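The next block holds one structure in the form of C-alpha cells; read it before the comments.
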Amino acid sequence: MRKIKHGKMSGGCSDACCLKLEGLNVRLEGEEILEDVSFHLHCGEIAALIGPNGAGKSTLFRSILGQLPYGGNITFSPAGGPAIRLADGTVTGGSRPLIGYVPQSPSFDRGDPVSVLDFFTAATARWPVWLPIPKKYRERCRSSLERVHGEDLLDRAMGALSGGQLQRVLLALALEPVPHILILDEPLSGVDIEGEHQLLEMLDELRTKYDLSILLSTHDFATLEQFADKVLLLNKKILKSGPPEEVLSSPEFYETFHLRVGKGGEH
Amino acid sequence: MELWYSFVELLPFDWAQSGGMYFMKNALLAVLVISPLFGILSTMVVHSRMSFFSDALGHSAFTGMAIGAICGFNEPTWAAVAFAVVFALLFNWVRRRSALASDTVIGVFSSTAVALGIFISTLGGRSFTKFNALLIGDILSVEPAKIGLLAGILVLIIVLWAVSFNQLMLSAVHPALADSRGVKVFWQETIFSVAIAVVVTVSMTWVGLMVINALIVLPAAAARNIAKNMTQYHLFSLLGAAIAGIAGLMTSYYIDSSAGAAITLYLAVWFMITFLFRKKG
C-alpha cells in the first residue's frame, strides 16, 4: 500500500511541510502525562502512535489541537515556508495549519434524531439544522461524503451507523475543508475487518491525493506494516520511533506490552 | 391584548364570550407562549442529557423565591432568576473542575438548594404554606404584562436557537470535536444553562415546581420516539407541547384541576402514542 515517500527527506525537511514537536511536556493536575516528546511529521506521511492505555496518546493529540496547555514547542512549516507556532499562532508569513480531527467514539444513542446531514451541516455551516436544510448544503454534504465513498449515508441516523460507517462520516467531516494535518484517535476500534481495510485504503488514497500528514493512534499492530510510514511508541515519552518493522521488533515494544521476546504480532 | 381578546371571542367556548373571563383568555395566550418555549428548550435539554440539571434549577428557583421573599422584594421572581443564574454558572464551573459524574454534582447542588430554600423560608418559625402555590403553580393568575415578558423570552430563545443551535449540538455530541472546529464549548454550555435557568424560573409561578421538569423533558422525549432528523425532532416536540398545553388548560378549566398537571398528563399520553409508533432500528 505504501506508494509514496514524499520528497525524499534526505537531511532536513525544508523541502516539505512539516509538523514539529520539540520537547513537548504536558502536566495535568500535577501529574506528568507527557515528557520530552519530540518528532517530525511530514506531508504525505502516515505516522501511527502506539502505546498502552493511559500512555498519553489522546493528550498528545489534544496538545497539537491546542486544547491543552503545554511546555515545549509545536510548530508547523509549510513547504519551503517559515515555521508557525501552534500555541499562539505566531506567524511569520503564513497562516496556521488546518487540522482535521477524527475523535474517538463520539456518543450517539441509537435513537438520536441526528441524521448524517444534520451532523455535517451543524459542523460546517451556519444554517441552523432544526430548520429544513436547503439543497445547497445537502449537495455539499453529499460531495464531501463522496470522498469517503459514503454518499448513501446522507439521510441515515448517526446512531444507526456501524463503526466503520461512523468513522467514514467523521473522516469526511475532518476533510471539510481539506486540512494540512489529519489526526485520528483510534479510528480502527469498533470497526470490523472489512471496514478496517476500507478505511486504511482510504487514508492511503487521501494522503496521495491531498498530500496531507496523517497521525493516528491504534492498538491494531497487525496492520501497521501495511500502512504506516513511521511508528511512534509512546508511554509518557517516545520510547522508540522508526519504520514499523523496526519498532515492532524492538525490545522497547516487547517490554511495553509485556510480550516475550520472539513473539510479536497482535496484542 | 385587545386584539387577542377579540380573536378569542370568535372561539365557541362559554368562557370566550366578550366582556369577561379575562383570566382564562390570558391563560390561553400564556400557554401558547410557554409551550413553544418548553418545546424548543426541551430538544436540547434531552439531547445533551441535562434533564437532571433543569430539575435542579427548578429547585434552586424555589430557593431564590424564598430569598427574595425574606428580603422583602415585591417581585421575588427576579431574585429567583438571579439566584438560578448564579446556580447555573457555579454548577458549570464545578462540573468542569470536578472528577465526579455530572449527575452526582447535580445531586449535590440540588439538595443544597432545596435545603437552603426550606431553611430560609421556615426561618424564625415562618409557615411554609405560602410557598405551596409555587409547588403547584397557577396559570390562571397570569397577567398581560407577564405574558409580554414570556413572549420576549421566547423571541430571545428563538434567536439563540438560530445563532447557536449547531454549536450547542456539536458540543453535546463531542466537546473535543466541537473545539477542533472552533466552537467555544464552555461558553455555549454556559449560555444554554443560563437560558434554562431563566425560563424555568420565570415560568415556575404559573406552571409549578412539581411539574415544570416534566414540561422540559416530555416534549422532546416523545419526539425522539418518532423523529429521524433534527427538523422532525423540533416539529414533533413543538407540536406535542402546544397541543398538550391547550388541551391541558381546557381540561383544567372544565373539571377544575391544576393546569400544569393536566398539561403534563397530556404530554405523557403523547409520549405513549409516539412510543407505540416508535421508529425501528
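Note that the protein sequences, when read in sequence, are chains A and B. Those letters in the first sequence? Residues 1 to 267, per my numbering, in order. Those letters in the second sequence? Residues 1001 to 1281, per my numbering, in order. Note that beta-carbon positions come from the ideal geometry of N, C-alpha and C, so glycine has one too. Please read these numbers as outputs of a predicted model, since none were measured by experiment.
Alpha helix (DSSP H) segment containing residue i, residue limits
{"i": "Val1185(B)", "result": "Val1185 to Val1207"}
{"i": "Ile193(A)", "result": "Ile193 to Tyr210"}
{"i": "Gly1248(B)", "result": "Met1230 to Ile1255"}
{"i": "Ser1042(B)", "result": "Tyr1022 to His1047"}
{"i": "Gly1058(B)", "result": "Ser1051 to Ile1070"}
{"i": "Asn1092(B)", "result": "Pro1076 to Arg1097"}
{"i": "Ser58(A)", "result": "Lys57 to Ile64"}
{"i": "Leu1003(B)", "result": "Glu1002 to Val1008"}
{"i": "Gly163(A)", "result": "Gly163 to Ala174"}
{"i": "Val231(A)", "result": "Unbroken run through Val231(A) is the beta strand (DSSP E), Lys230 to Asn235; no alpha helix (DSSP H)."}
{"i": "Leu224(A)", "result": "Leu224 to Phe227"}
{"i": "Phe253(A)", "result": "Pro251 to Thr256"}
Proximity test, Cβ basis, 7 Å: residue i and chain A
{"i": "Leu1170(B)", "result": "yes"}
{"i": "Arg1097(B)", "result": "no"}
{"i": "Leu1177(B)", "result": "yes"}
{"i": "Phe1165(B)", "result": "yes"}
{"i": "Ser1180(B)", "result": "yes"}
{"i": "Ala1162(B)", "result": "yes"}
{"i": "Arg1049(B)", "result": "no"}
{"i": "Val1159(B)", "result": "no"}
{"i": "Ile1139(B)", "result": "no"}
Test: residue i CB closer than 7 Å to a CB of chain B
{"i": "Gly265(A)", "result": "Residue confidence is low: Gly265(A) scores 48 on pLDDT, short of 50, so the model does not pin down where it sits. No coordinate-derived value is stated."}
{"i": "Val91(A)", "result": "In this prediction, Val91(A) scores a pLDDT of 47, lower than 50, which makes its location untrustworthy; the coordinate-derived value is nonetheless stated afterwards. Not an interface residue."}
{"i": "Asp152(A)", "result": "no"}
{"i": "Ser77(A)", "result": "no"}
{"i": "Tyr137(A)", "result": "no"}
{"i": "Ala123(A)", "result": "yes"}
{"i": "Asp118(A)", "result": "yes"}
{"i": "Lys8(A)", "result": "In this prediction, Lys8(A) scores a pLDDT of 42, lower than 50, which makes its location untrustworthy; no coordinate-derived value is stated."}
Extent of the continuous beta strand (DSSP E) to which residue i belongs
{"i": "Ala1268(B)", "result": "Element bounds for Ala1268(B): not the beta strand (DSSP E) but the alpha helix (DSSP H), Ala1259 to Leu1276."}
{"i": "Ile1139(B)", "result": "Neither: Ile1139(B) is in no beta strand (DSSP E) and is coded neither H nor E."}
{"i": "Val1163(B)", "result": "No beta strand (DSSP E) contains Val1163(B), which is instead part of the alpha helix (DSSP H) from Pro1144 to Val1173."}
{"i": "Gly1107(B)", "result": "Where Gly1107(B) is concerned, there is no enclosing beta strand (DSSP E), although the alpha helix (DSSP H) it sits in stretches over Ser1102 to Ser1121."}
{"i": "Leu184(A)", "result": "Ile181 to Leu184"}
{"i": "Leu248(A)", "result": "Segment Pro244 to Leu248 is the alpha helix (DSSP H) holding Leu248(A); no beta strand (DSSP E) there."}
{"i": "Ser217(A)", "result": "Ser213 to Ser217"}
Contact set between residue i and chain A, taken where Cβ atoms lie within less than 7 Å
{"i": "Thr1231(B)", "result": "Trp130, Leu131 and Pro132"}
{"i": "Arg1224(B)", "result": "Gly111 and Pro113"}
{"i": "Val1202(B)", "result": "Those within 7 Å of Val1202(B) in chain A number zero; the least Cβ separation is about 23 Å."}
Proximal residues of chain B, C-beta to C-beta of residue i below 7 Å
{"i": "Ser115(A)", "result": "Lys1228 and Asn1229"}
{"i": "Tyr101(A)", "result": "Leu1177 and Ser1180"}
{"i": "Arg62(A)", "result": "Ala1176"}
Per-residue contacts from residue i into chain B (C-beta, under 8 Å)
{"i": "Ile214(A)", "result": "Chain B residues near Ile214(A): none, gap ~15 Å exceeds 8 Å."}
{"i": "Leu65(A)", "result": "Ala1176, Asp1179 and Ser1180"}
{"i": "Ser107(A)", "result": "Val1173 and His1174"}
Under 8 Å by beta carbon: chain A residues contacting residue i
{"i": "His1234(B)", "result": "Trp130"}
Amino acids of chain B, ordered along the chain, whose beta-carbon sits closer than 9 Å to that of residue i
{"i": "Ala157(A)", "result": "Lys1228, Asn1229, Lys1279 and Gly1281"}
With three or more C-beta pairs closer than 8 Å as the rule, is the region 1196 to 1207 of chain B touching the region 1034 to 1045 of chain B? Look at the beta carbons and you see the region 1034 to 1045 of chain B touching the region 1196 to 1207 of chain B: at least three pairs across the two are nearer than 8 Å.
Within the region 29 to 53 of chain A, ranges of the beta strand (DSSP E) (whole runs, at least 3 residues): Runs of the beta strand (DSSP E) inside the region 29 to 53 of chain A: 31 to 42 and 46 to 50.
What ranges does the beta strand (DSSP E) occupy inside the region 78 to 151 of chain A, keeping only unbroken runs of at least 3 residues that lie completely in it? 99 to 102
Are the region 1069 to 1088 of chain B and the region 1225 to 1237 of chain B in contact at 8 Å, needing three or more beta carbon pairs? No, they do not touch.
Can you confirm whether the region 221 to 232 of chain A touches the region 199 to 208 of chain A when touching is taken to mean that 3 or more C-beta pairs between the two stretches lie within less than 8 Å? A contact is defined here as three or more CB-CB pairs under 8 Å, and the region 199 to 208 of chain A meets this definition with respect to the region 221 to 232 of chain A.
Counting beta carbon pairs with one atom in the region 162 to 181 of chain A and one in the region 111 to 131 of chain A, are three or more of them shorter than 8 Å? yes
Does the region 1049 to 1058 of chain B come into contact with the region 1212 to 1227 of chain B, if we say contact requires no fewer than three beta-carbon pairs (one atom in each stretch) closer than 8 Å? A contact between stretches requires three or more CB pairs, one per stretch, nearer than 8 Å, and the region 1049 to 1058 of chain B meets this requirement with the region 1212 to 1227 of chain B.
Answer yes if the region 25 to 34 of chain A comes into contact with the region 207 to 220 of chain A, meaning at least three C-beta pairs across the two stretches below 8 Å, and no otherwise. no
Evaluate the contact criterion for the region 1254 to 1267 of chain B versus the region 1136 to 1149 of chain B: three or more CB pairs, one atom per stretch, below 8 Å. yes
Stretch pair the region 1014 to 1022 of chain B + the region 1177 to 1184 of chain B: three plus CB contacts closer than 8 Å: no
Decide if the region 1171 to 1180 of chain B is in contact with the region 1120 to 1134 of chain B; the criterion is three or more beta carbon pairs, one per stretch, under 8 Å apart. no
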